[in-house]
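Numbering (our numbering), first residue to last: 29 to 170. Input: a single structure, listed below in structure tokens.
Encoded structure:
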């Protein structure tokens with residue numbers, strides 16, 4: 029599975045922690061911000077563009093609070109994204125909402141928690157079924 033990562037200058041260190049973790053777990057990692065993006069707008073845009081090139085990839089954006097990346101990514105049609113700070117929400121947003129992208133706040137989430145959140149998000153599968161109605165509604169908003 030390909031995982032797309034990106035971060036602004038505030039989230040860069042945590043992105044590197046997650047990147048190293050994913051590589052040790054043998055994920056195919058695409059880092060769209062080898063150098064920190066100046067703003068969360070720039071990193072979110074790079075992530076979304078990479079997601080459009082690979083419909084199966086999942087993505088993680090990191091900034092200081094997770095809010096900016098969430099707001100930016102949610103403006104793109106077809107992107108279901110969730111701002112996450114715990115493992116259960118990471119799992120459930122994938123399982124019930126078919127989110128392909130999560131955002132994390134580097135000031136809110138410690139390194140080990142970020143790894144755990146990442147693991148839960150990536151191991152979850154979308155359930156479909158009754159949840160698809162909600163996903164279709166989300167995708168129709170933009």
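For each residue, glycine too, the CB sits at the ideal point set by N, CA and C.
Residues of its chain near residue 43, where Cβ-Cβ distance is below 6 Å and the 5 sequence neighbours each way are ignored: Closer than 6 Å at Cβ, skipping near neighbours: 33, 35 and 90.
Every unbroken alpha helix (DSSP H) inside the region 70–118 [4 residues or more]: Considered as a whole, the region 70–118 harbours 95–101 as its complete alpha helix (DSSP H) runs of no fewer than 4 residues, in chain order.
Through-space distance from residue 67 to residue 149, alpha-carbon basis: If you draw a straight line from the Cα of residue 149 to the Cα of residue 67, it comes to about 24 Å.
Distance between beta carbons of residue 93 and residue 85, contact taken as under 8 Å: Not a contact, Cβ separation roughly 24 Å.
Rounded straight-line distance, which links the Cα of residue 29 to that of residue 75: As the crow flies, the alpha-carbon of residue 75 is around 16 Å from that of residue 29.
Span of the beta strand (DSSP E) around residue 57: Residues 56–59.
Three-state secondary structure assigned by DSSP to residue 164: Residue 164 falls in the helix class under three-state DSSP.
Reduced DSSP secondary structure (H/G/I, E/B, other) of residue 139: Residue 139 falls in the helix class under three-state DSSP.
Beta-carbon contacts of residue 125 that lie in its chain and below 6 Å, excluding the five residues immediately before and after: 108, listed in sequence order.
Helix, strand or coil at residue 131 [DSSP, three-state]: Residue 131: strand per DSSP, three-state reduction.
Closer than 8 Å to chain C by CB, residue 90: Among the chains of the structure shown, chain C does not appear; only one protein chain is present.
Spatially closest choice to residue 119 from 96, 155, 39 and 63, by CA coordinates: That would be 155, whose Cα lies nearest to the Cα of residue 119.
Among 158, 157 and 121, the one whose alpha carbon lies nearest that of residue 145: Taking the Cα of residue 145 as reference, the smallest distance to any Cα among 158, 157 and 121 is reached at 121.
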